[in-house]
Amino acid sequence: MSTLIHTVSIRTDEKSSNWIEDGYIIINEGVFKKIADGKPSEKELTEAGEVINGRGKWVCPGLVNTHGHAGMSLLRGYSDDLPLDQWLKEKMWPFEGKLDLEATKAARGLAMVEMIRSGTTTFLEMYHLFMHEFAQDITDAGMRATLMRSMIGLCSKEEQKEKLLEAVEFAKTWHKGADSRIQTMLAPHAPYTCPPEFIEMIVEEAIKLDLPIHMHLAETRKEVREHIQQYHHHPLEHLEKLGFLNEARWLFAHGVHLNEEHIDLLAEYKAGISHNPISNLKLGSGVAPIAEMLQKGVEIGIGTDSVASNNTLDMIEEMRMAAFIHKGIAEDPILIPAEVAIKMATKNGAQLLEHDKTGEIKTGYKADFMIIDSHGAHMQPASNRDSHIVYAAKSSDITDVYVDGLPLMRNKELLTLDEEKIKFEANEHYQRVRSYI
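Everything in the sequence shown is counted per UniProt numbering, starting at 1 for the first residue and increasing by one.
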């Protein structure tokens with residue numbers, strides 16, 4: 001069944017101005033078949049299976065969250081205001097050690113509710129628990145995702161091999177699953193939790209499977225200092241000297257503590273960065289040199305990290321922070337203009353997560369988009385749309401979210417998830433798990 005949405009403003013790269021002021025879109029078989037100015041013809045209205053009057057709202061690409069841990073969503077507010085190393089070892093990992101399938105499922109349901117409500121259509125999940133079950137839940141919920149079984153290598157060789165075998169089996173099973181809405185990667189957790197020999201094993205498997213690799217990198221000054229003390233090289237330099245950068249496709253999370261030479265390496269090896277400004281600020285990790293990376297041609301996406309360190313999955317907030325923080329640090333208001341922030345949160349993210357023909361509203365692309373109600377006082381005057389999306393909009397302005405041309409939220413009502421049930425169960429499981437600690 002085709003869907004026609006009219007009387008809307010449309011953000012599309014098919015226009016040099018990025019916007020169609022008043023137009024319509026036609027969606028058929030999950031893709032954008034037509035994106036046009038003006039009013040649809042009587043023939044188009046008659047032939048459409050569903051006709052929706054957008055009433056002056058804005059149609060924009062769905063947001064792409066390039067780094068997160070949805071399985072940690074019960075940990076929101078559980079532990080704040082601690083350094084990363086202490087926070088992980090004393091609070092996060094003990095709690096996660098008690099998570100069972102029911103609690104993890106409730107956490108991820110909560111994450112999907114929050115993501116859909118804030119306009120996210122595609123996300124990355126880097127986690128180690130119950131990944132097959134999550135892939136099935138994503139299939140049922142209708143979202144798009146890049147998934148991986150994360151691996152920590154601080155264990156015996158036998159355990160490392162078991163984890164890698166599990167990660168490879170998951171990647172093979174779900175790559176291009178859910179009608180190609182699910183992609184997979186391999187994921188060593190970080191250089192400080194994975195010895196070089198283990199990373200080498202993972203790289204070899206990624207090459208065999210032709211899959212990218214995702215890993216935390218240079219998030220804190222402490223981890224970088226300790227890596228240099230142990231291996232005599234910065235973590236990124238170490239990966240390069242070991243030959244790992246030129247053998248696989250890399251997406252790194254954070255990249256806070258990188259200098260100009262490191263940025264040159266990222267550009268040389270076409271490695272991407274998931275910029276997580278709010279999480280990095282909250283954990284006191286610092287601010288990644290994103291402006292310098294963009295100048296060198298490094299591809300940047302935006303991620304939220306988990307709600308344990310953010311504490312939301314709101315990509316509207318994350319996009320705004322990604323634009324603001326660099327202006328303030330450099331005392332330069334020109335850095336990261338609104339158009340660039342939107343690109344990082346949509347098109348760039350889709351490319352980094354390797355979801356073809358997504359991230360843009362463009363003829364022949366998959367119909368992943370959100371609809372924004374522009375009638376609020378904070379969105380007036382109702383022009384300067386890129387500016388308003390980044391600097392003024394709130395996630396509560398989002399009324400509709402579609403993936404593959406199918407509505408996941410319509411008029412602020414979730415259609416594929418039982419929100420009240422999910423929230424109730426999340427609170428129940430949180431109290432149960434917390435009682436074990």
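Ideal Cβ placement from N, Cα and C applies to all residues, glycine included. Note that the structure is a prediction, hence the values are computed from the model and not measured.
Pick from the options: whose alpha carbon is nearest that of residue i?
i: Cys194; options: Ile207, Thr173 and His227; result: His227
i: Gly405; options: Gln431, Glu425, Tyr430 and Lys362; result: Lys362
i: Asp137; options: Lys327, Ala106 and Gly56; result: Ala106
i: Glu219; options: Pro277, Glu204, Gln229 and Trp250; result: Pro277
i: Gly56; options: Phe424, Asp81, Ser383 and Leu99; result: Ser383
i: Pro212; options: Ile52, Ile273, Asp386 and Lys366; result: Ile273
i: Leu154; options: Pro94, Ile199 and Val31; result: Ile199
i: Gln86; options: Gly284, Gly68 and Glu205; result: Gly284
i: Thr358; options: Tyr402, Lys423, Ser118 and Arg108; result: Tyr402
i: Asp51; options: Asn28, Gly328, Ala322 and Ile329; result: Note that residue 51 is Val in the sequence shown here, rather than Asp. Comparing Cα positions, the closest option is Asn28.
i: Leu251; options: Gln351, Gly177, Val340 and Asp332; result: Gln351
i: Arg221; options: Glu204, Gln230 and Val256; result: Val256
i: Met112; options: Leu281, Leu99, Arg144 and Asp210; result: Arg144
i: Thr139; options: Ile300, Ala323, Gly243 and Gly109; result: Gly109
i: Ala206; options: Ala167, Met379, Gln230 and Lys43; result: Ala167
i: Met370; options: Glu44, Phe32, Thr121 and Lys33; result: Thr121
i: Asn259; options: Gly38, Lys39 and Pro289; result: Pro289
i: His254; options: Leu84, Glu354 and Ser156; result: Leu84
i: Leu177; options: Pro94, Leu415, Asp397 and His355; result: In the sequence as displayed, the identity of residue 177 is Gly instead of Leu. That would be His355, whose Cα lies nearest to the Cα of Gly177.
i: Gly71; options: Pro94, Met215, Ala103 and Pro40; result: Ala103
i: Ser156; options: Ile372, Leu82, Glu197 and Trp93; result: Glu197
i: Tyr24; options: Ile10, Ser17, Ser435 and Ser16; result: Ile10
i: Asp368; options: Glu44, Lys208 and Met409; result: Met409
i: Asp373; options: Gln380, Asp397 and Ala393; result: Asp397
i: Ala426; options: Leu242, Phe170, His375 and Leu101; result: Leu101
Apart from the five residues just before and just after residue i, which ones in its own chain have a Cβ nearer than 7 Å to its Cβ?
i: Trp174; result: Ala135, Leu147, Ile182 and Thr184
i: Pro235; result: Pro191, Leu217, Ala218, Val224 and His227
i: Asp13; result: Glu360 and Lys362
i: Ser395; result: Arg117, Ser118, Gly119, Asp314 and Ile316
i: Ile329; result: Val287
i: Ile325; result: Pro277 and Val287
i: Leu165; result: none
Terminal residues of the continuous alpha helix (DSSP H) containing residue i?
i: Pro94; result: Trp93 to Glu96
i: residue 438; result: One cannot answer for residue 438 here, as it falls past the ends of the chain, which runs 1 to 437.
i: Trp174; result: Lys157 to Trp174
i: Ile389; result: Arg385 to Tyr391
i: Met379; result: Taken as a continuous stretch (DSSP letters only), Met379 belongs to no alpha helix (DSSP H), as it is neither H nor E.
i: Thr363; result: First-last for Thr363: undefined, no H or E at that position.
Kindly indicate the opening and closing residues of the beta strand (DSSP E) around residue i.
i: Gly77; result: Run containing Gly77: none; DSSP gives neither H nor E here.
i: Asn53; result: Glu50 to Asn53
i: Asn65; result: Leu63 to Asn65
i: His132; result: Taken as a continuous stretch (DSSP letters only), His132 belongs to no beta strand (DSSP E), being part of the alpha helix (DSSP H) at Met131 to Ala141.
i: Glu125; result: Thr120 to Tyr127
i: Met151; result: Arg144 to Met151
i: Thr104; result: No beta strand (DSSP E) contains Thr104, which is instead part of the alpha helix (DSSP H) from Leu101 to Arg117.
i: His69; result: Careful: His69 lies outside any beta strand (DSSP E) and carries neither H nor E.
i: Tyr436; result: Per DSSP, Tyr436 belongs to no beta strand (DSSP E) and is neither H nor E.
i: residue 439; result: The chain is shown from 1 up to 437; residue 439 falls before or after that span and cannot be answered.
i: Thr3; result: Thr3 to Arg11
Would you please state the rounded distance, in angstroms, between the beta carbons of residue i and residue j? I believe it to be under 8 Å.
i: His6; j: Gly54; result: 6 Å
i: Ser306; j: Lys282; result: Actually they do not touch by this definition, with Cβ atoms about 11 Å apart.
i: Lys366; j: Gly142; result: The Cβ separation is near 12 Å, so there is no contact.
i: Ser79; j: Lys98; result: Contact flag wrong, Cβ pair sits at about 14 Å.
i: Asn348; j: Glu299; result: 6 Å
i: Gly77; j: Asn280; result: Wrong, their Cβ atoms sit about 18 Å apart, outside the cutoff.
i: Glu133; j: Val203; result: 28 Å between Cβ atoms; not a contact.
i: Lys15; j: Ile26; result: Lys15 to Ile26, Cβ: 17 Å. No contact.
Any chance the CB of residue i is under 7 Å from a heavy atom of the ligand GDP?
i: Ala323; result: Questions concerning the ligand GDP fall outside what the structure shown contains, since it holds no ligand whatsoever.
Can you find the residues in the same chain that come closer than 6 Å, C-beta to C-beta, to residue i, ignoring five residues on each side of it along the sequence?
i: Ile152; result: His189 and Thr193
i: Glu240; result: Leu265
i: Ala430; result: This sequence places Tyr at residue 430; Ala is not what is there. So the list reads Leu74, once near-sequence residues are dropped.
i: Val8; result: Gly54, Lys57 and Val59
i: Ser150; result: Met126, Tyr127, His128, Ala187 and His189
i: Lys327; result: Pro333 and Leu335
i: Ile263; result: Glu292, Met293 and Lys296
i: Asn65; result: Thr120, Phe123, Gly303, Thr304 and Met315
If I measure Cβ to Cβ from residue i and keep anything under 8 Å in the same chain, skipping five residues before and after, which residues do I get?
i: Glu47; result: Ser2
i: Gly297; result: Ala267
i: Gly68; result: Ala111, Phe123, Leu124, Glu125, Met126, Gly303, Thr304, Asp305, Ser306 and Leu313
i: Arg320; result: Ala341, Val390 and Tyr391
i: Asn411; result: Thr399 and Asp400
i: Ala338; result: Ala323, Asp386, Ser387, Ile389, Val390 and Tyr391
i: Pro407; result: Asp400, Val401 and Leu415
i: His238; result: Pro191, Pro196, His227 and Tyr231
Nearest chain B C-beta to residue i closer than 8 Å, yes or no?
i: Gly77; result: In summary, chain B is missing from the structure at hand, where a single protein chain is found.
>> Suppose only complete runs of 3+ residues qualify. What are the beta strand (DSSP E) ranges in the region 224–284, listed by chain order?
In response: 250–254 and 272–275
> Where are the beta strand (DSSP E) runs, 3 residues long or more, that stay fully inside the region 288–359, in chain order?
Replying inline: 300–302
> Which runs of the alpha helix (DSSP H), 4 residues or longer, sit entirely within the region 178–226?
Replying inline: 196–209
> What are the start and end residues of each continuous beta strand (DSSP E) run of 3 or more residues lying completely inside the region 14–44, in chain order?
Replying inline: 19–28 and 31–37
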